[in-house]
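In this note's numbering, the protein residues as written are 2 to 192.
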Ligand code: GRF
């Protein structure tokens, strides 16, 4: 019997994290991304998944809450872990209830600061800049019914200087994501 872990990734955008996770899993062989779930038909993550030969499903907000659509696909894919990597919709109760303690998210700031509704993508880095924060970072956390409020699994920090633009802050955070996220996923898969 194979002990390979099955992962699915939910993403809405560019997909740099998704690609790194897919490559990491296939290089190490201890897990595999079995499908990318995406709510935006033009998202870069879909092209990346296609290039890497990972099946995808595209759905809208209504499908996400429909037990016969996204949940039904999840039940076929039977994931050990659901990874949200730049996924912008709220995970509905029907999915949370089916996968308790099986869903993690990466947030591009140091929660509990700079989290919550509307805090995604460049809005987060803009808020960090506007507030004059001297540090930012990444947070990987369990997903529950409230945005960005599940228990924290891991954080890593980087400094923010007055001279840093919003784009500079985004780059620093992305560097942390690329460095740490796969290792955190590996750790979660081992527990
Ligand atoms: C990342 O900054 C992630 O932390 C956040 O959304 C962004 C997604 O980037 N949740 P990408 O689509 O993986 O390139």
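Beta carbons are placed, not taken as given, at the ideal position from N, Cα and C, and that holds for glycine.
Note that the structure is predicted; figures quoted are calculated from it, not measured.
beta-carbon residue i near the ligand GRF non-hydrogen atom, thresh 6 Å
i	result
residue 152	no
residue 16	yes
residue 107	yes
residue 117	no
residue 110	no
residue 138	no
residue 86	yes
Range covered by the alpha helix (DSSP H) that runs through residue i
i	result
residue 186	167-191
residue 31	Note, residue 31: premise wrong, no alpha helix (DSSP H); not H, not E.
Inter-residue spacing [alpha-carbon to alpha-carbon] between residue i and residue j
i	j	result
residue 2	residue 76	Note that residue 2 scores 44 on pLDDT, short of 50, meaning its location in the model is unreliable; the coordinates nonetheless yield the value given after this. Distance between the alpha carbons of residue 2 and residue 76: 20 Å.
residue 30	residue 132	43 Å
residue 182	residue 69	31 Å
residue 71	residue 136	37 Å
residue 49	residue 19	8 Å
Selected residue, minimal CA-CA separation from residue i, among the options
i	options	result
residue 98	112, 66, 179	66
residue 185	147, 155, 15	155
residue 57	93, 16, 81	16
residue 6	178, 124, 27	27
residue 104	44, 94, 165, 61	94
Residue range of the beta strand (DSSP E) that includes residue i
i	result
residue 108	104-108
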